[in-house]
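**Student:** To convert, take the position in the sequence shown, counting from 1, and add 5; that gives my numbering.
Cβ coordinates follow ideal geometry from the N, Cα and C atoms, glycine included.
Model, not experiment: these values are computed from the prediction.
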Amino acid sequence: MQYTLTLSHAIGAMLALALIFGVSIFSGRRIRSGAEFDSGSGRAGSAVVAGAIMGTLVGGSSTVGTAQLAYHYGLSAWWFTLGGGIACAVLALLYVVPLRRSGCTTIVGIIAREYGKPVGIAASLLSSVGAFISFLSQLIAASAVIAIVFPGLPAIWAIAASAVLMAAYVIFGGVLGTGMTGIVKLVLLYVTVIAGGGMALVLSGGIGSLWNALDHATYFNLFARGIGTDAGAGLSLLLGVLTTQSYAQPILAGSSDCAARRGALLSAVLTPPIGIGGILIGLYMRANVPELASAKLAFPQFILDHLPALPAGLILATLLITVIGTGAGLSLGISTVINRDIIQNLTKRFTAPRANLRFSRFLILLVLALACGVCACPIGDMMLEFSFMSMGLRGAVLMVPLAAALWLPGRLDSRWVMAAVIASPAVVLVFGLWGILPFDPLFAGVGASALLCTLGLRRKA
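(1) Please say whether residue 277 and residue 56 have beta carbons closer to each other than 8 Å?
(2) Using a 10 Å radius around the Cβ and a threshold of 16 neighbouring Cβ atoms, would you call residue 14 buried or exposed?
(3) Just list the residues that DSSP pairs residue 330 with in beta bridges.
(4) Would you mind sorting residue 119 into buried or exposed? The rule is 16 or more other CB atoms within 10 Å of its CB.
(5) Can the beta-carbon of residue 436 be found less than 8 Å from the beta-carbon of residue 446?
(6) Contact check, residue 427 vs residue 127 under 8 Å by CB: the rounded distance?
(7) For the alpha helix (DSSP H) containing residue 224, name the first residue and the last one.
(8) Is it right to say residue 213 is buried, meaning 16 or more other beta carbons lie within 10 angstroms of its own, or is it exposed?
(9) For residue 168, name the three-state secondary structure that DSSP assigns.
(10) Could you check which residue in 50, 121 and 111 has the C-alpha nearest to that of residue 415?
(11) So, do the segment 319–326 and the segment 298–308 have three or more beta carbon pairs nearer to each other than 8 Å?
(12) Put residue 147 into one of helix, strand or coil per three-state DSSP.
(13) Measure the C-alpha to C-alpha separation of residue 458 and residue 129 and round it to an integer number of angstroms.
(14) Between the segment 279–287 and the segment 196–211, can you find at least three pairs of beta-carbon atoms closer than 8 Å?
(15) Unbroken alpha helix (DSSP H) runs of length 4 or more, entirely within the segment 90–115: which are they?
(16) Run through the segment 41–89 for me and flag every whole alpha helix (DSSP H) of 4 or more residues, listed as ranges in chain order.
(17) Measuring CA to CA, which of 219, 296, 328 and 133 is closest to residue 347?
(18) Quick one: Cα of residue 211 to Cα of residue 221, how far?
(19) Span of the alpha helix (DSSP H) holding residue 235?
(20) Check whether the segment 229–249 and the segment 393–411 are in contact - that is, three or more C-beta pairs closer than 8 Å.
(21) Thinking C-beta only, is residue 332 closer than 8 Å to residue 190?
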């Protein structure tokens with residue numbers, strides 16, 4: 006089905022876009038150095054911390070991707086936002102103080118200081134690959150929103166347009182910009198979720214009608230894909246959030262330990278409900294449009310089909326901004342890790358404040374260009390699958406070495422940690438491709454990392 010944007014659609018969309026990018030550019034005018042750009046220099050309050058965390062965590066996977074998976078599996082699509090909320094709570098209660106007192110600007114920096122530069126560089130490369138995979142899902146989600154509104158636009162141009170918007174979102178404001186725009190985005194997103202989910206309930210005649218129309222065992226089962234798969238998805242989110250630079254940066258940018266903890270707790274409370282709106286829309290579309298050409302269109306097509314033009318335009322722009330914000334936050338995290346943990350260990354050429362700022366922005370553009378090239382290839386479009394895979398890989402690489410560095414400093418042999426950093430993602434990929442395990446291969450990867458680090462602990466003790 007093709008749609009034609011009306012003037013009301015355009016006005017609603019422009020209002021949302023102008024608000025977001027106005028805030029981003031305003032915040033960016035205060036950035037004078039690379040340190041302020043990618044760390045915030047300890048200036049963020051609890052609201053900005055929460056905005057930056059959710060600005061990255063709540064994106065295409067939490068909205069468009071959740072509706073897509075709910076169209077196939079129902080309630081089990083909740084694991085992304087539910088797992089994200091649990092992860093934010095753990096981040097607040099256990100990790101805020103150790104991360105901030107480490108004195109490092111990156112997670113990998115903590116590992117490199119404890120186990121040496123070679124381990125740090127290996128962890129940087131492998132964790133950046135995991136973050137990059139998640140970044141791809143955001144470009145796919147953005148192209149889904151653009152495709153439903155501009156069906157004649159070639160896919161590569163939709164992807165390129167999304168990359169340009171991501172660059173504009175983050176390249177001016179850095180971590181403070183993503184935090185401030187994250188607050189605005191969060192308000193718009195909650196309006197979107199409430200409007201979309203509420204409309205889906207009204208149109209379907211209530212949850213009872215959806216219950217009667219769909220298979221209970223599949224669509225109203227939190228473990229519809231199997232306990233091993235769905236529990237593994239939740240664990241992937243937990244480990245991924247705890248080991249991803251994009252979520253550590255807002256914590257480090259907090260003006261105090263209390264502000265950072267409150268921001269993370271606020272994210273823990275606000276993240277899970279967002280998935281409910283996407284699930285309700287996915288269920289409605291499954292019950293009423295079972296012949297949908299592509300499940301990734303469930304959310305944007307529902308909005309255009311059932312909401313008045315002005316709010317529909319506002320909501321579509323909010324969906325696009327949501328995806329763009331998450332992609333922008335991930336690109337900032339990737340560029341920060343590459344800059345701080347790899348490039349600055351190899352050369353001092355970009356250490357001057359202005360030069361570092363320019364180089365940080367250049368790295369973001371490079372990441373965006375590379376992602377566009379990959380997304381132009383036929384890599385598939387199941388957004389949550391990419392997100393879960395990404396979180397799992399990052400968690401397998403960094404979780405055990407990071408925890409040991411924070412709570413068991415000086416107790417592990419760096420050679421065993423290097424083995425763990427390299428072996429754990431390999432185990433995840435091999436068993437994931439082989440498909441012989443009855444549970445998520447993430448468990449095997451983390452288990453391998455824990456075993457190798459334990460052997461290192463015994464040799465050192």
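**Tutor:** Judging by the given coordinates:
(1) With a cutoff of 8 Å on beta-carbon distance, residue 56 and residue 277 are scored as not near each other.
(2) Around the beta carbon of residue 14, 16 or more other beta carbons lie within 10 angstroms, which makes this residue buried.
(3) Residue pairing for residue 330: DSSP places it in no beta bridge.
(4) Classification of residue 119: buried, given that the 10 Å Cβ count is 16 or more.
(5) Against a cut-off of 8 Å, the Cβ pair of residue 446 and residue 436 comes out as a contact.
(6) Rounded, the Cβ-Cβ distance is 6 Å, consistent with contact.
(7) 221–224 is the extent of the alpha helix (DSSP H) around residue 224.
(8) Around the beta carbon of residue 213, fewer than 16 other beta carbons sit within 10 angstroms, so the residue counts as exposed.
(9) Here residue 168 sits in helix by DSSP.
(10) Out of 50, 121 and 111, 121 has the C-alpha closest to the C-alpha of residue 415.
(11) Yes, the segment 319–326 is in contact with the segment 298–308.
(12) Helix.
(13) Approximately 18 Å between the Cα atoms of the pair.
(14) The segment 196–211 makes contact with the segment 279–287: 3 or more CB pairs, one atom from each, lie closer than 8 Å.
(15) DSSP runs (the alpha helix (DSSP H)) wholly in the segment 90–115: 101–106.
(16) Counting whole runs of 4 or more residues, the segment 41–89 contains the alpha helix (DSSP H) stretches 51–62 and 69–78.
(17) Closest in alpha carbon position to residue 347, among 219, 296, 328 and 133, is 133.
(18) Their Cα atoms are separated by approximately 15 Å.
(19) 232–247 is the extent of the alpha helix (DSSP H) around residue 235.
(20) Yes, they touch.
(21) Contact: no.
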